[in-house]
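Data first, discussion second: the structure below is written as structure tokens.
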Amino acid sequence: MNPLDDRSKLFLYGIIFFLLALVFYLWWTGPESPPIKETAEQEVITREVTRKGTLVVHVAGAVYKPGVYVLEEGARVKDAIEKAQGILPLADDSSINLAAKVSDGQKIYIPFKNENTTPASISNGFSQQNAQKGAGSQGAKLNINTASAEELDKLPGVGPATAAKIIEYREQNGPFVTIEDLKKVKGIGDKKFETLKDYITVN
56 MNPLDDRSKL FLYGIIFFLL ALVFYLWWTG PESPPIKETA EQEVITREVT
106 RKGTLVVHVA GAVYKPGVYV LEEGARVKDA IEKAQGILPL ADDSSINLAA
156 KVSDGQKIYI PFKNENTTPA SISNGFSQQN AQKGAGSQGA KLNINTASAE
206 ELDKLPGVGP ATAAKIIEYR EQNGPFVTIE DLKKVKGIGD KKFETLKDYI
256 TVN
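Going by the working numbering, the first residue of the sequence shown is number 56, and it counts up by one from there.
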């Protein structure tokens, strides 16, 4: 027998054995990967279960911080208002049913005192018995020439930064002659003025 042929056969057998061992190793270690997927699926399920215990509502109108808030399932209108930092002094709270349950996707609107439209809310957030108020009631208006920054901050659409700009403008240019002069303050355009005009006065 040719020694060269023997060496060739041994080399070939060695390669075949190595490949078989490699295939066996890959097959043996393959099943270890599924738990990773299982863990990821469990995390997704956990998040879904957590979300099922909450609901999202939109609080708007005469509140300090209008916006979208996440509440626990079974929450009441009172809880939503507390999330929005409470109602403004200019709010008409006579028609608010604080005990009403809220539902996911609900918009809770808190009316202002001088609004002449009947407020509505999904899932009976407010009672339907709401007398129309006389628009532009002088007693409900805020004098922008004498109001403090804290009082201005309570106006709809006015935050601390805008309140400070109103005070600064007043100190530099004197009192506002008309309420339309408020549009001269940086950050108060036509749209914001339309929101404010029924709640302010210069007298």
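Just so you know, even glycine gets a beta-carbon here, dropped at the ideal spot from N, CA and C.
- Comparing alpha-carbon positions, the option among Val-257, Asp-159, Tyr-68 lying closest to Thr-109 turns out to be Asp-159.
- The way I'd put it, the region 75-84 doesn't touch the region 127-146; fewer than three beta-carbon pairs between them come closer than 8 angstroms.
- In the DSSP assignment, Leu-110 falls within the beta strand (DSSP E) that extends over 109-116.
- Across the set Ile-151, Leu-145, Leu-210, Thr-201, the C-alpha of Ile-151 shows the shortest separation from the C-alpha of Asp-134.
- Of the candidates Leu-145, Asp-253, Lys-156, Gln-140, Leu-145 places its Cα closest to the Cα of Lys-168.
- One Cα belongs to Glu-205, the other to Val-112, and the distance between them is close to 27 angstroms.
- When DSSP states are grouped into helix, strand and coil, Lys-162 belongs to the strand group.
- In this structure Val-240 is in contact with Lys-220, their Cβ atoms being roughly 5 angstroms apart against a cut-off of 8 angstroms.
- Following the DSSP letters along the chain, one finds Tyr-224 inside the alpha helix (DSSP H) bounded by residues 215-228.
- Here DSSP, grouped into helix, strand and coil, assigns Thr-256 to strand.
- Taking C-alpha positions only, Tyr-224 is separated from Ile-199 by approximately 11 angstroms.
- One Cα belongs to Lys-246, the other to Gly-212, and the distance between them is close to 10 angstroms.
- Within the model, the alpha-carbon separation for Pro-230 versus Lys-120 is close to 28 angstroms.
- Straight-line spacing of the CA atoms in Glu-137 and Leu-143 works out to 12 angstroms.
- Between the alpha carbons of Glu-235 and Gly-244 lies a distance of about 10 angstroms.
- Checking the DSSP bridge columns, you'll see Arg-62 has no partner listed.
- Counting the other CB atoms within 10 Å of its CB gives Thr-233 a total below 16, which places it among the exposed residues.
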